[in-house]
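Trainee: Just passing along the structure, written as structure tokens.
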Amino acid sequence: MSDLLSLSHVTKLYRQGGMLSRRHVTAVRDVSLRLGEEPEILSIVGESGSGKSTIAAMILGQTAPTSGILNFRGRPVAVHGKVERRAFMREVQPVLQNPFEAFNPLKKVDRYLFETARNFSPDGIRPSQADIERMADRALVHIGLTLAEVKGRFPHELSGGQLQRTAIARALIPQPRLLVADEPVSMVDASLRMAIVNLFSQLKKELGLSIIYITHDLATAYYISDRIIIMKKGEIVEEGGARAVLDNPQHPYSRALKEAVLSASPDMEPASLV
């Protein structure tokens with residue numbers, strides 16, 4: 001079976017100390033991973049500075065690897081032409097950490113949905129306003145909202161949970177194959193986190209989406225993942241089926257992460273990794 005996404009020995013270095021400096025910091029070191037065509041949720045877990053968000057940025061084509069190969073459907077992610085870039089973004093969409101930063105507070109939320117629908121019309125033909133609204137409403141229904149609920153409203157008129165779901169709906173409009181969700185519940189109220197996490201599982205099943213779920217939250221990763229990768233200081237230290245890895249972690253860092261979750265608040269959902 002061919003790969004939807006593959007990273008082969010990918011390394012990312014950042015220069016420290018200005019343009020003339022020879023000092024570098026290694027954000028990601030020799031990372032390899034793959035997603036097949038079969039829909040799945042792959043979680044990349046680690047603390048701040050582990051390199052997980054750098055991997056997300058490289059998968060989205062926002063930054064290029066220093067070395068290694070990163071392909072989507074057999075083609076390099078690092079595309080530069082406008083037409084190629086748009087074709088890539090039709091299939092790979094981001095869901096960002098902070099929904100309040102994803103929307104201009106002075107711009108109505110529906111304008112973002114309409115612009116995305118206009119730019120990513122499935123047949124490439126400029127759609128009518130009725131078609132645009134239909135595309136936006138269809139995406140919103142998938143995440144439990146309707147266009148009537150968000151039309152004409154500014155970001156501050158929606159709750160954090162509604163705004164994050166609207167951001168997910170916007171990502172669904174192009175009908176992508178892959179969502180890259182970078183800490184998508186960290187800015188959402190704790191009572192709503194599991195609703196968002198459950199939504200990702202639902203989208204995988206209903207739409208055949210693959211999702212890369214970037215998080216420091218081992219509990220939600222355990223709850224929704226098919227596979228999991230645990231990173232420390234830019235390197236993968238453990239990977240495999242989510243339950244196999246988290247029920248019986250082998251690496252000391254993985255065990256430490258699990259113990260930290262188990263020693264947290266007892267009313268955390270899910271409360272334990274058994």
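Using UniProt numbering, read the sequence shown as starting at 1 and increasing by one per residue. Ideal placement from N, C-alpha and C gives every residue a C-beta, glycine not left out.
Ends of the beta strand (DSSP E) at residue 290?
Mentor: This structure does not reach residue 290, given that the chain is present from 1 up to 274, and the question cannot be answered.
Trainee: Which of the three DSSP states, helix, strand or coil, is assigned to Leu-257?
Mentor: In the structure shown, Leu-257 sits in a helix (DSSP, three-state: H, G or I).
Trainee: Specify whether the region 145-154 and the region 46-65 touch according to this definition: at least 3 beta carbon pairs, one from each stretch, less than 8 Å apart.
Mentor: Contact between the region 145-154 and the region 46-65 is absent, because fewer than three Cβ pairs lie under 8 Å.
Trainee: Below 6 Å CB to CB, which residues in the same chain sit around Leu-257 once its five sequence neighbours on both sides are set aside?
Mentor: Leu-218.
Trainee: Once DSSP output is grouped into helix, strand and coil, what is the label at Ala-27?
Mentor: DSSP places Ala-27 in strand when its eight states are reduced to three.
Trainee: Which residues does DSSP pair with Met-89 in a beta bridge?
Mentor: Beta-bridge pairing links Met-89 to no other residue.
Trainee: Would you decide whether Glu-183 is buried or exposed? Buried here means 16 or more other CB atoms lie within 10 Å of its CB.
Mentor: It counts as buried.
Trainee: Start and end of the alpha helix (DSSP H) containing Leu-203?
Mentor: 190-207 is the extent of the alpha helix (DSSP H) around Leu-203.
Trainee: Which runs of the alpha helix (DSSP H) fall wholly inside the region 36-123 and span at least 4 residues, in chain order?
Mentor: 52-59, 82-91, 99-102 and 109-119, all fully within the region 36-123.
Trainee: Taking Leu-203 as the reference, which of Ile-168, Gly-49 and Glu-235 has the closest Cα?
Mentor: It is Ile-168.
Trainee: Please go through the same chain and pick out, in chain order, the residues whose beta-carbon is closer than 8 Å to the beta-carbon of Leu-273, but skip the five residues on each side of it.
Mentor: Residue placement at Leu-273 cannot be trusted, given a pLDDT of 34 that sits under 50; the coordinates are not used to answer.
Trainee: What residues in its chain sit with their C-beta under 7 Å from that of Pro-155, if we drop five residues either side in the sequence?
Mentor: Excluding sequence neighbours, Pro-155 sits near Phe-100, Phe-103, Pro-105, Val-109 and Leu-163.
Trainee: Ala-117 and Gly-89 - do their beta-carbons sit closer together than 8 Å?
Mentor: Inspection of the sequence shows that residue 89 is occupied by Met rather than by Gly. Taking 8 Å as the Cβ cut-off, Met-89 and Ala-117 do not qualify as a contacting pair.
Trainee: Following the continuous alpha helix (DSSP H) through Gly-160, name the residue where it begins and the one where it ends.
Mentor: Where Gly-160 is concerned, the enclosing alpha helix (DSSP H) stretches over 160-172.
Trainee: Taking DSSP as the reference, what is the three-state secondary structure of Arg-177?
Mentor: Coil.
Trainee: Taking only the alpha-carbon atoms, compute the straight-line gap between Asp-226 and Glu-40 and give it to the nearest angstrom.
Mentor: In a straight line, the C-alpha of Asp-226 is about 6 Å away from that of Glu-40.
Trainee: For the alpha helix (DSSP H) containing Arg-138, name the first residue and the last one.
Mentor: 129-142 is the span of the alpha helix (DSSP H), which, as asked, contains Arg-138.
Trainee: Count the other C-beta atoms from every protein chain shown that fall within 10 angstroms of the C-beta of His-9, then say buried if there are 16 or more, exposed otherwise.
Mentor: Exposed, since its Cβ has fewer than 16 Cβ neighbours within 10 Å.
Trainee: In three-state DSSP terms, what is Arg-34?
Mentor: In the structure shown, Arg-34 sits in a strand (DSSP, three-state: E or B).
Trainee: With 16 as the cutoff for other CB atoms within 10 Å, does Glu-157 come out buried or exposed?
Mentor: It counts as exposed.
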